[in-house]
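Asker: One structure follows; several queries about it will come next.
In the working numbering, the protein residues as written are 1388 to 1753.
Quick look at the structure:
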């Protein structure tokens, strides 16, 4: 460890926490100071991999003045509480997606960030995928013209063994469902491209997982302030294996589709006056216990952004305001699906106070 290193405490050594520990070893200036997990054997395993301390209680991490960043890799329903705890203890917080499972909890995170002066970082690694970066460049330069339609399809598979491996999965309180857990990256990208959403309408159902509380399938329609429209179809009930993870953007001067199974291929490119780019190879998707796969593993870039921001050489790549907006859209989608009505944004009144953890389980298809 050298002067100027940023010391991380990884909270939760499950599928994604183990990936964070591995990636931190690749980031110059990053040091794993703790691995913390309520399961002591898992905490020890992570600490042995990182060559650091282990503990089973986050309070030990929060009491250690040598910890700079609390890296939160726990179940989704714990993200907000742990982010607030970290910042109130004088640490910076890095949270896996989603930021929270309710808008009220997202606001608590933002208020803690403002009050403590600590920095909050959110993991949205798909923004770094080479095809997504190429799409973003065309949007930033205006080469695609006015964007009028965005379409995204997330057709993935999660088998029964996935839910049985960790009992929090598929629960309303700690998981939130296929939208919050598997598809929130795609919602983030839609908003990143479309701008300010003003209206959401959604349909959701539990098609093929009768043993969980949440939905596993949905369709969401979003309208944006600039007149653009987005439609997203998502499921974790695709037969046998993951099928597709894509986003298509139509502008008046160009059309681009980023596809493959994990937003990892530049499937279509037709932009006025711009040749299809040659892209560097991206990282493979994350592969987890049980054989299932998720988004491209660009966590090294997320972690490098944390280090460089804290050194004063960069700015936060995905901030709390952006994270909040994604939560707001997903909350609006759940309200729309449950109450069978369109929902206006920003959320107000009872819509703003809605908590998914208190909603009834989604109906199962018979």
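Here a beta-carbon is modelled for each residue, glycine too, at the ideal position from N, C-alpha and C.
Everything numeric in this text was worked out from a predicted model, so none of it was measured.
(1) Tell me whether the beta-carbon of residue 1587 lies closer than 8 Å to the beta-carbon of residue 1729.
(2) Pick out whichever of 1550, 1608, 1708 has its Cα sitting closest to the Cα of residue 1462.
(3) Using DSSP with H/G/I as helix, E/B as strand and the rest coil, what is residue 1579?
(4) Is the distance from the Cβ of residue 1496 to the Cβ of residue 1470 below 8 Å?
(5) Measuring straight from C-alpha to C-alpha, what distance separates residue 1504 and residue 1430?
(6) Along the chain, where does the beta strand (DSSP E) that runs through residue 1703 open and close?
(7) Helix, strand or coil: how does DSSP classify residue 1598 here?
(8) Taking only the alpha-carbon atoms, compute the straight-line gap between residue 1662 and residue 1611 and give it to the nearest angstrom.
(9) What first and last residue would you give for the beta strand (DSSP E) that runs through residue 1417?
(10) What's the C-alpha gap between residue 1605 and residue 1596?
(11) DSSP puts residue 1644 in a beta bridge; with which residues?
(12) Give me whichever residues DSSP pairs with residue 1442 in a beta bridge.
(13) With a CB to CB cut of under 6 Å and the five nearest residues on each side skipped, what residues in its chain are close to residue 1489?
(14) When the Cβ atoms of the segment 1395-1408 are set against those of the segment 1419-1430, are three or more pairs found closer than 8 Å?
(15) Ignoring anything shorter than 3 residues or poking outside the segment 1486-1568, list the beta strand (DSSP E) runs there in chain order.
(16) Taking the C-alpha atoms as reference points, what is the distance between residue 1626 and residue 1651?
Answerer: According to the data block:
(1) Translated into the one-based positions of the chain shown, residue 1587 becomes position 200. Translated into the one-based positions of the chain shown, residue 1729 becomes position 342. Yes, they are a contact pair.
(2) The count along the chain shown starts at 1 and reaches residue 1462 at position 75. If we check each option's Cα against that of residue 1462, 1550 comes out closest.
(3) Counting from one through the chain shown, the residue named residue 1579 turns up at place 192. It is helical.
(4) For the purposes of this step, residue 1496 is identified with residue 109 of the chain shown, where counting begins at 1. For the purposes of this step, residue 1470 is identified with residue 83 of the chain shown, where counting begins at 1. Contact: yes.
(5) On the chain shown, residue 1504 is found 117 positions in, with the first residue counted as 1. On the chain shown, residue 1430 is found 43 positions in, with the first residue counted as 1. Their Cα atoms are separated by approximately 30 Å.
(6) As a first step, residue 1703 must be located in the chain shown, where it is residue number 316. Neither: residue 1703 is in no beta strand (DSSP E) and is coded neither H nor E.
(7) Taking the chain shown and counting its residues from 1, the one referred to as residue 1598 is at position 211. DSSP places residue 1598 in coil when its eight states are reduced to three.
(8) On the chain shown, residue 1662 is found 275 positions in, with the first residue counted as 1. On the chain shown, residue 1611 is found 224 positions in, with the first residue counted as 1. Cα to Cα, residue 1662 sits roughly 29 Å from residue 1611.
(9) For the purposes of this step, residue 1417 is identified with residue 30 of the chain shown, where counting begins at 1. 1417-1423 is the span of the beta strand (DSSP E), which, as asked, contains residue 1417.
(10) Taking the chain shown and counting its residues from 1, one reaches residue 1605 at position 218. Taking the chain shown and counting its residues from 1, one reaches residue 1596 at position 209. Cα to Cα, the separation comes out at about 14 Å.
(11) Position 257 of the chain shown, counted from the start, is the residue given in the question as residue 1644. According to DSSP, which records beta bridges pairwise, residue 1644 is partnered with 1635, 1655.
(12) Against the chain shown, residue 1442 aligns to sequence position 55. BP columns for residue 1442 point to 1423.
(13) Counting from one through the chain shown, the residue named residue 1489 turns up at place 102. Closer than 6 Å at Cβ, skipping near neighbours: 1742.
(14) yes
(15) 1507-1509, 1534-1542
(16) Walking along the chain shown from the start, residue 1626 turns up at place 239. Walking along the chain shown from the start, residue 1651 turns up at place 264. Spanning the two alpha carbons is a distance of roughly 21 Å.
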